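In full-length UniProt numbering, the protein residues as written are 1 to 284. Built from N, CA and C at the ideal position, the CB exists for glycine as well. Because the structure is a prediction, the values reported are computed rather than measured. Report on the following structure.
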């Protein structure tokens, strides 16, 4: 009479069944993850997470409003400017925190190539394109617009502007038509974006956080520093800089201002004539 197989012999079958169940569960989890939206409504998030509900309850309990606040006013208070608010926090700091003194360099797209070492300088009254960069991008002096400006850097050196150049830059998802002053200078940057671009773009650069933020189509765009550059499929513009290159920043137009004194001199014993320069301040 044939004996039944020992119980141990059935274990592989049991193990195979368990492995199959695990595989089915993994497949189901993957399908759920693939169908999950990257962005969900606040209500859906609160409905699915007690942690988020508790956090919101604590935050709302600390906010004081007038007892006459209407439902519409409450909704406006909670949603106004949500997408267009630019905020920097400690989460934006680089890995080493605030223990650095690096200027802010980013990379931009230009003429189908990626241009690194683009300096953002809030202290500069103009956008600067060194002649070497203009040539590397394929421009010739005949492409420059006319300019009779003279600029002055913080080291008091005067630089003649060779001309102006209108360049199309791709920064993040946004294209900017930017006018540069072309200078024949040795620098440690390929392009300099000063206040003309910063103000026009509504951008907030932060050398502390090593990133710049601006609004595009109702969304906050964050551009990381060149130190956090990703690998790009675009060819990278190569411009050599030596250790002797100057870090000339803070360019301003060198202007002469004429003051009409008129009756003021007749009523004052002193009529000082001072040179009017650019004004700047630090905002903490």
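Give a yes or no on whether the C-beta atoms belonging to residue i and residue j are separated by under 9 Å.
i: residue 214; j: residue 106; result: no
i: residue 65; j: residue 74; result: yes
i: residue 130; j: residue 186; result: yes
i: residue 128; j: residue 194; result: yes
i: residue 67; j: residue 77; result: no
i: residue 226; j: residue 71; result: no
Please identify the residue among the options whose C-alpha is closest to the C-alpha of residue i.
i: residue 208; options: 75, 96 and 54; result: 96
i: residue 191; options: 204, 216 and 109; result: 109
i: residue 178; options: 166, 129 and 184; result: 166
i: residue 184; options: 221, 137 and 133; result: 133
i: residue 205; options: 111, 171, 175 and 217; result: 171
i: residue 168; options: 111, 50 and 20; result: 111
i: residue 113; options: 119, 125 and 137; result: 137
i: residue 118; options: 43, 103 and 189; result: 189
i: residue 141; options: 44, 161, 125 and 21; result: 161
i: residue 146; options: 98, 174, 180 and 135; result: 180
i: residue 139; options: 182, 226, 175 and 104; result: 182
i: residue 124; options: 42, 216, 152 and 24; result: 152
i: residue 200; options: 148, 62, 135 and 122; result: 122
Mind reading off the beta-carbon distance from residue i to residue j? Whole number of angstroms is fine, and I expect it under 8 Å.
i: residue 211; j: residue 224; result: 5 Å
i: residue 158; j: residue 150; result: 6 Å
i: residue 120; j: residue 198; result: 7 Å
i: residue 52; j: residue 46; result: 6 Å
i: residue 174; j: residue 221; result: 7 Å
Mind checking who residue i pairs with in its DSSP beta bridge?
i: residue 206; result: 211
i: residue 160; result: 150
i: residue 110; result: 113
i: residue 174; result: 171
i: residue 180; result: 165
i: residue 128; result: 181 and 192
i: residue 216; result: 219
i: residue 87; result: Its beta-bridge partners do not exist; DSSP assigns none.
i: residue 120; result: 193
i: residue 334; result: Because the chain in this structure spans residues 1 to 284, residue 334 falls outside the shown range and cannot be described.
i: residue 145; result: 164
i: residue 105; result: 119
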